[in-house]
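Visitor:
Residue numbers (this note's numbering): 300 to 422.
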C-alpha cells in the first residue's frame with residue numbers, strides 16, 4: 300500500500316455492518332433471550348451509515364491518519380471507524396484486501412460490543 304493512499308470505505312463498512320451484522324447478531328440476540336440487542340444493533344447501524352471517514356496506511360500497514368469527515372453526532376458511534384482501523388492495523392496488513400477482511404469482521408464485534416454496553420451499562 301502506498302502511504303498516501305486514502306481509503307474511503309464508508310459504503311462498504313456501513314452496508315456490511317447493516318446487512319451482515321444484523322443477521323449474525325440477530326441469532327446471538329435470540330439465543331440470549333434478548334431482542335433488545337438486535338434492535339440496538341439496527342439503531343447503531345443506521346447511525347453509522349451516516350458517518351464518513353478517511354484513513355491512510357503506510358507500506359508497513361501502520362495507520363498514519365484516521366479522521367471522521369462527517370460525524371453522526373454520537374461520540375460512541377463516531378469512534379468506531381478509527382477504532383476498527385487501529386485494531387486491524389495491529390496485524391500489519393500490507394495488502395488492502397487483508398485489511399478490509401479484518402475490518403469486516405471487526406465491525407461486527409465492535410457494534411455488538413457497543414450495543415451490549417449501551418443496554419447493560421453496569422456490566
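Positions of the beta carbon are idealized from the N, C-alpha and C atoms, including for glycine.
#1: Can you tell me the Cα-Cα spacing of residue 418 and residue 382, whole angstroms?
#2: Roughly how far, in whole angstroms, is the beta-carbon of residue 414 from the beta-carbon of residue 367, given that I think they are within contact range, below 8 Å?
#3: According to DSSP, is residue 350 part of a helix, a strand, or is it coil?
#4: Using the Cβ count rule (16 or more neighbours within 10 Å means buried), how would you classify residue 380?
#5: Put residue 368 into one of helix, strand or coil per three-state DSSP.
#6: To which residues does DSSP link residue 356 through a beta bridge?
#7: Are residue 378 and residue 362 close, meaning C-beta to C-beta below 7 Å?
Guide: On the basis of the supplied data:
#1: Position 119 of the chain shown, counting from 1, holds the residue named residue 418. Position 83 of the chain shown, counting from 1, holds the residue named residue 382. Approximately 20 Å, taken between the alpha carbons.
#2: The sequence position of residue 414 within the chain shown is 115, counting from 1. The sequence position of residue 367 within the chain shown is 68, counting from 1. Not a contact, Cβ separation roughly 20 Å.
#3: As a working note, residue 350 is residue 51 in the chain shown. Coil.
#4: Residue mapping note: residue 380 aligns to position 81 of the chain shown, counting from 1. The residue is buried, with at least 16 neighbouring Cβ atoms inside 10 Å.
#5: Taking the chain shown and counting its residues from 1, the one referred to as residue 368 is at position 69. Correct three-state label for residue 368: strand.
#6: For the purposes of this step, residue 356 is taken as residue 57 along the chain shown, with counting starting at 1. DSSP output for residue 356 lists 362 as bridge partner(s).
#7: Here residue 378 refers to the residue found at position 79 when the chain shown is read from its first residue. Here residue 362 refers to the residue found at position 63 when the chain shown is read from its first residue. Between residue 378 and residue 362, the C-beta gap is not smaller than 7 Å, which leaves the two residues out of contact.
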